[in-house]
């Protein structure tokens, strides 16, 4: 299965994760998720692949998090809907390999899927 990296080129951690893959000759399809926002269904699939509560996929320090009335106690459905509406809330980078995924924080975590 082909690797897919949800990437934000303005994020140093995302750039570092991509560089780690490239240094190892690993080809991954890069999806700039801020330009090509994931749907609610894709976010649900991402959560399943990651095997984490939705809060672990959310950038809680973004202004949108508070502006949307979200808290760390918000339910998965509300958090996933918020990420679909405001993709800036999606933690990055996320590397997918079929039905498995990992959040690249620290960036070296992407190597766990190789």
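Residue numbers (UniProt numbering): 1 to 114. C-beta atoms are modelled at their ideal positions from N, C-alpha and C, and glycine is treated no differently. The model shown is predicted, which means the values in this text are computed figures rather than measured ones.
Are residue i and residue j touching if we call contact CB-CB under 8 Å?
i           : j           : result
residue 89  : residue 109 : no
residue 191 : residue 4   : Outside the modelled stretch of the chain, which goes from 1 to 114, sits residue 191, for which no answer is possible.
Just the Cα atoms here: how many angstroms apart are residue i and residue j?
i          : j           : result
residue 29 : residue 75  : 31 Å
residue 52 : residue 100 : 12 Å
Applying the criterion that 16 or more other CB atoms from any shown protein chain within 10 Å of the CB defines a buried residue, is residue i buried or exposed?
i           : result
residue 104 : buried
residue 54  : buried
residue 14  : buried
residue 91  : buried
residue 67  : exposed
residue 9   : exposed
residue 79  : buried
residue 82  : buried
So who's on the other strand from residue i, going by DSSP bridges?
i           : result
residue 4   : 29 and 96
residue 103 : 94
residue 58  : 90
Quick check on residue i - is its C-beta less than 8 Å from some C-beta in chain C?
i          : result
residue 75 : Of the protein chains in this structure there is only one, and it is not chain C.
> Taking three-plus beta-carbon pairs below 8 Å as touching, is the stretch 45-60 in contact with the stretch 7-27?
Replying inline: Because the criterion of three Cβ pairs below 8 Å is not met, the stretch 45-60 and the stretch 7-27 do not touch.
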